[in-house]
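Mind the numbering: the sequence shown is residues 1209 to 1584 in my numbering, read in order. These notes are about the structure you will find just below.
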Amino acid sequence: MMCAIHAARRGRRVAMLDHSQKIGRKILISGGGRCNFTNINAGPANYVSQNPHFAKSALSRFTPDDFIEMVERHRISYHEKKLGQLFCDGSAQNIVTMLVDECRKAQVECFLDCSILSVSKKENFHIKTNRGEFSSQSLVVATGGLSIPQIGATGFGYELAKQFDLKLVNTDPALDGFNLSKSDLSVWGELSGVSLDVNATSGDVTFRENILFTHNGLSGPASLQTSLYWQNGMPLVLDLLPDLDAYEFLLSVKKEGSKVDIKNVLATKLTKRFADKFAQVNNISGPINTLNEPQLKKLGDVLNSWKIFPSSTVGYKKAEVTRGGVDTNELSSKTMEAKKVSGLYFIGEVVDVTGWLGGYNFQWAWASGYAAGLVC
Ligand SMILES: Cc1cc2nc3c(=O)[nH]c(=O)nc-3n(C[C@H](O)[C@H](O)[C@H](O)COP(=O)(O)OP(=O)(O)OC[C@H]3O[C@@H](n4cnc5c(N)ncnc54)[C@H](O)[C@@H]3O)c2cc1C
């Protein structure tokens, strides 16, 4: 829609084809129904791509302020929830209505329930659909990723890229959290519902957010964020006391001569259910003044750097995004046009640019759509 608006404003005749019966379905379910429509801090560092520089140009030409200006012009009230994340006060429907309104004003023609049967190119593109044939100089592919197939996500964009001989970067579900192995679940599964404020590290990227234990593994924003960087076999490293040197803390309590049981000492900093389990799993019990320094050092090290090995991420049914996609080497970073197929553009999530949780993915969709909309 963002691309269609800007192309139509330039006087281009724009047809928007979508196989869904409803427009903007991902927007409608986003942000818990309130759409986290941008992040005021969005910049290239918040995105994962094989080419970390690719997103720079588009992001700098359509910024969070540009989208906020549109939201304010449509009198949509919003708030910052945390960490620069902007949400509608009311409903995500406001954002869809705003975009549909702008499409209408710019005279974009919208064809819903429109299945694409084939695409070919001679001089122009020819698109056969169940709603007739279309012919155009430009074709912009904005079919998103594979996440949430229940609401119409398909790999159509990837197939089309392959048809035109464009390379793809492997795709994986991301921003979906983790499954744990059966044996880990037999230990930690009973903590389902427990949430902890941690530093979570995957590879060399760390997020300070909450993790949430579930029946299947780990969820919560810290797990979602780190799942974007996680690869099979990697540990997830959790600092359970991110504001403390845990060993120094335990030692200072011991030196005070405290006779409090170690699990209750831990419970002053962590939830009781977690503290009990953590002490049990680490095979440590008894009043803290009876524990020796090597024991406290060992426990402190695990508290500040607890390694857990997920068995997988949760998968496309829950993933907020798809990591990977159309290889950015195939596209112009200024216009999103395929370098070897003139008039063919890829924008949004179908491209190998994937944002963090927190409004970054929409900002990429708006910015890349705008970049293509200025030229297609
Ligand atoms: C549950 C959930 C919550 C999210 N919350 C947020 C959030 O709050 N903030 C944020 O920044 N990001 C969020 N995201 C991510 C964000 O929704 C996507 O990154 C963004 O929608 C991508 O935009 P897009 O236009 O590239 O693709 P999409 O929004 O996925 O749109 C693709 C369109 O193409 C159509 N299509 C697909 N295949 C075909 C086909 N074969 N033929 C015809 N049409 C087709 C689809 O029907 C769809 O309308 C969330 C994602 C999910 C799943």
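The beta-carbon is built from N, C-alpha and C at its ideal position, and this holds for glycine as well. In this text, all values refer to a predicted model and were calculated from it rather than measured experimentally.
Checklist entry - If you measure from the CB of glycine 1239, is any heavy atom of ligand 1 nearer than 7 angstroms? => result By one-based count along the sequence shown, residue 1239 stands at place 31. Correct: glycine 1239 has its Cβ closer than 7 angstroms to ligand 1.
Next on the checklist: The alpha helix (DSSP H) that contains glutamate 1501, what's its start and end?
Outcome noted: As a working mapping, residue 1501 is identified with position 293 in the sequence shown. Here the alpha helix (DSSP H) through glutamate 1501 covers 1501 to 1512.
Checklist entry - In three-state terms, what does DSSP make of arginine 1269? => result Mapped onto the sequence shown, residue 1269 falls at position 61. Looking at arginine 1269 - three-state DSSP - the assignment turns out to be helix.
Checklist entry - Relative to the C-alpha of aspartate 1384, which residue among Cys1211, Lys1230, Lys1526 and Gly1567 is closest? => result On the sequence shown, residue 1384 is found 176 positions in, with the first residue counted as 1. It is Lys1526.
Next on the checklist: What residue range does the beta strand (DSSP E) around aspartate 1371 cover?
Outcome noted: Start at 1 with the first residue of the sequence shown, and residue 1371 comes out as number 163. It is worth fixing the name first, because residue 1371 is glutamine in this sequence and not aspartate. Taken as a continuous stretch (DSSP letters only), glutamine 1371 belongs to no beta strand (DSSP E), being part of the alpha helix (DSSP H) at 1364 to 1371.
Checklist entry - What did DSSP end up calling histidine 1423 once you bin it into helix, strand or coil? => result Here residue 1423 refers to the residue found at position 215 of the sequence shown. Histidine 1423: coil per DSSP, three-state reduction.
Next on the checklist: Given a cut-off of 8 angstroms on the beta-carbon distance, is the pair threonine 1530 and proline 1357 in contact?
Outcome noted: Looking up residue 1530 in the sequence shown gives position 322. Looking up residue 1357 in the sequence shown gives position 149. No.
Next on the checklist: Tell me which residues share the same chain as leucine 1436 and place their Cβ nearer than 7 angstroms to its Cβ, disregarding the 5 neighbours each side in the sequence.
Outcome noted: Taking the sequence shown and counting its residues from 1, one reaches residue 1436 at position 228. Contacts found: Val1256, Ala1382, Leu1383, Arg1531, Thr1562 and Trp1564.
Checklist entry - Do threonine 1434 and glutamine 1258 have their C-beta atoms within less than 8 angstroms of each other? => result Position 226 of the sequence shown, counted from the start, is the residue given in the question as residue 1434. Position 50 of the sequence shown, counted from the start, is the residue given in the question as residue 1258. It is not a contact, given that the beta carbons lie outside the stated cut-off.
Checklist entry - Can you tell me where the beta strand (DSSP E) with glutamine 1293 in it begins and where it stops? => result Here residue 1293 refers to the residue found at position 85 when the sequence shown is read from its first residue. Segment 1293 to 1296, the beta strand (DSSP E) holding glutamine 1293.
Next on the checklist: With three or more beta-carbon pairs closer than 8 angstroms as the criterion, would you say the stretch 1284 to 1293 touches the stretch 1317 to 1325?
Outcome noted: no
Item to check | asparagine 1418 versus glycine 1577 - alpha carbon distance | outcome: Locating residue 1418 in the sequence shown gives position 210, where the first residue counts as 1. Locating residue 1577 in the sequence shown gives position 369, where the first residue counts as 1. Going by the C-alpha atoms only, they are around 32 angstroms apart.
Checklist entry - What do you reckon, is the C-beta of isoleucine 1276 under 7 angstroms from a heavy atom of ligand 1? => result Along the sequence shown, read from residue 1 onward, the residue named residue 1276 stands at position 68. The answer is no for isoleucine 1276.
Item to check | Limits of the beta strand (DSSP E) - the one that phenylalanine 1554 falls within | outcome: As a working mapping, residue 1554 is identified with position 346 in the sequence shown. Its beta strand (DSSP E) spans residues 1552 to 1554.
Checklist entry - Name the DSSP bridge partner or partners of valine 1256? => result As a first step, residue 1256 must be located in the sequence shown, where it is residue number 48. BP columns for valine 1256 point to Thr1562.
Item to check | In DSSP terms, what isoleucine 1516 is bridged to | outcome: Within the sequence shown, residue 1516 is the residue found at index 308, counting from 1. DSSP output for isoleucine 1516 lists Leu1444 as bridge partner(s).
Next on the checklist: Tell me the rounded alpha-carbon separation between serine 1328 and isoleucine 1335.
Outcome noted: Position 120 of the sequence shown, counted from the first residue, corresponds to residue 1328. Position 127 of the sequence shown, counted from the first residue, corresponds to residue 1335. Linking serine 1328 to isoleucine 1335 through their CA atoms gives a straight-line distance of about 7 angstroms.
Next on the checklist: Restricting to Cα atoms, I'd like to know which of Gly1353, Asp1405, Asp1412 and Ser1550 is closest to phenylalanine 1570.
Outcome noted: Counted from its first residue, the sequence shown places residue 1570 at position 362. Checking every option, the nearest Cα to that of phenylalanine 1570 belongs to Gly1353.
Item to check | DSSP three-state assignment for glutamate 1528, whether helix, strand or coil | outcome: Working through the sequence shown from its first residue, we reach residue 1528 at position 320. When DSSP states are grouped into helix, strand and coil, glutamate 1528 belongs to the coil group.
Next on the checklist: Along the chain, where does the beta strand (DSSP E) containing histidine 1227 start, and where does it finish?
Outcome noted: On the sequence shown, residue 1227 is found 19 positions in, with the first residue counted as 1. Unbroken run through histidine 1227: none, as it is neither H nor E.
Checklist entry - Is the beta carbon of histidine 1214 within less than 7 angstroms of some heavy atom of ligand 1? => result What you label residue 1214 is simply residue 6 of the sequence shown in a count that begins at 1. Not so, every heavy atom of ligand 1 lies at least 7 angstroms from the Cβ.
Checklist entry - Based on the DSSP secondary-structure assignment, which residues constitute the bridge partners of cysteine 1318? => result Within the sequence shown, the letter at position 110 stands for residue 1318. Cysteine 1318 pairs with Met1224.
Next on the checklist: I'd like the span of the beta strand (DSSP E) that includes threonine 1434, first residue to last.
Outcome noted: For the purposes of this step, residue 1434 is taken as the residue at position 226 of the sequence shown. Premise fails: threonine 1434 lies in the alpha helix (DSSP H), 1429 to 1435, not in any beta strand (DSSP E).
Checklist entry - Going straight from the alpha carbon of glutamate 1501 to that of phenylalanine 1482, what length do you get? => result As a first step, residue 1501 must be located in the sequence shown, where it is residue number 293. As a first step, residue 1482 must be located in the sequence shown, where it is residue number 274. Computed Cα separation, rounded: 23 angstroms.
Item to check | C-beta contact flag for phenylalanine 1372 and leucine 1552 at 8 angstroms | outcome: Within the sequence shown, the letter at position 164 stands for residue 1372. Within the sequence shown, the letter at position 344 stands for residue 1552. Contact flag set, yes.
Checklist entry - Going by the beta-carbon positions, is the gap between lysine 1547 and glutamate 1538 smaller than 8 angstroms? => result Working through the sequence shown from its first residue, we reach residue 1547 at position 339. Working through the sequence shown from its first residue, we reach residue 1538 at position 330. Going by beta carbons, lysine 1547 and glutamate 1538 fall inside the 8 angstroms limit.
Checklist entry - Is the beta carbon of aspartate 1447 sitting closer than 8 angstroms to the one on serine 1513? => result Within the sequence shown, the letter at position 239 stands for residue 1447. Within the sequence shown, the letter at position 305 stands for residue 1513. Yes, the pair counts as a contact, with Cβ atoms nearer than the cut-off.
Next on the checklist: Are the CB atoms of asparagine 1244 and serine 1585 within a distance shorter than 8 angstroms?
Outcome noted: In the structure as shown, the chain starts at 1209 and stops at 1584, and residue 1585 therefore has no counterpart that could be examined.
Item to check | asparagine 1491 classed as buried or exposed, judged by whether at least 16 other C-beta atoms fall within 10 angstroms | outcome: Start at 1 with the first residue of the sequence shown, and residue 1491 comes out as number 283. Label assigned to asparagine 1491: exposed.
Checklist entry - Is it the case that the CB of serine 1529 approaches a heavy atom of ligand 1 more closely than 7 angstroms? => result Locating residue 1529 in the sequence shown gives position 321, where the first residue counts as 1. What sits at residue 1529 in the sequence shown is valine, not serine. Correct: valine 1529 has its Cβ closer than 7 angstroms to ligand 1.
Checklist entry - Per DSSP, which one or two residues make a beta bridge with alanine 1546? => result Here residue 1546 is taken as the residue at index 338 of the sequence shown, counted from 1. Answer by DSSP bridge pairing, in chain order: Leu1539.
Checklist entry - According to the neighbour-count rule (16 or more other Cβ atoms, all chains shown, within 10 Å of its Cβ), is arginine 1242 buried or exposed? => result Locating residue 1242 in the sequence shown gives position 34, where the first residue counts as 1. By the Cβ neighbour-count rule, arginine 1242 is buried, with 16 or more other Cβ atoms within 10 Å of its own.
Item to check | For serine 1540, the nearest candidate out of Cys1211, Phe1262, Ser1431 and Asn1254 (CA to CA) | outcome: In the sequence shown, counting from the first residue as 1, residue 1540 sits at position 332. Looking at Cys1211, Phe1262, Ser1431 and Asn1254, the one whose alpha-carbon comes closest to that of serine 1540 is Phe1262.
Checklist entry - Beta carbon of methionine 1544, beta carbon of alanine 1580: below 8 angstroms? => result Here residue 1544 refers to the residue found at position 336 when the sequence shown is read from its first residue. Here residue 1580 refers to the residue found at position 372 when the sequence shown is read from its first residue. Yes, the Cβ-Cβ distance between methionine 1544 and alanine 1580 is below 8 angstroms.
Checklist entry - With glycine 1232 and leucine 1294 assumed to form a contact (beta carbons below 8 angstroms), what rounded beta-carbon distance in angstroms separates them? => result What you label residue 1232 is simply residue 24 of the sequence shown in a count that begins at 1. What you label residue 1294 is simply residue 86 of the sequence shown in a count that begins at 1. Their Cβ separation, rounded to whole angstroms, is 17 angstroms, which puts glycine 1232 and leucine 1294 out of contact at 8 angstroms.
Item to check | Rounded C-alpha distance that separates tyrosine 1455 from isoleucine 1470 | outcome: In the sequence shown, the residue the question calls residue 1455 occupies position 247. In the sequence shown, the residue the question calls residue 1470 occupies position 262. Each residue's alpha carbon lies about 13 angstroms from the other.
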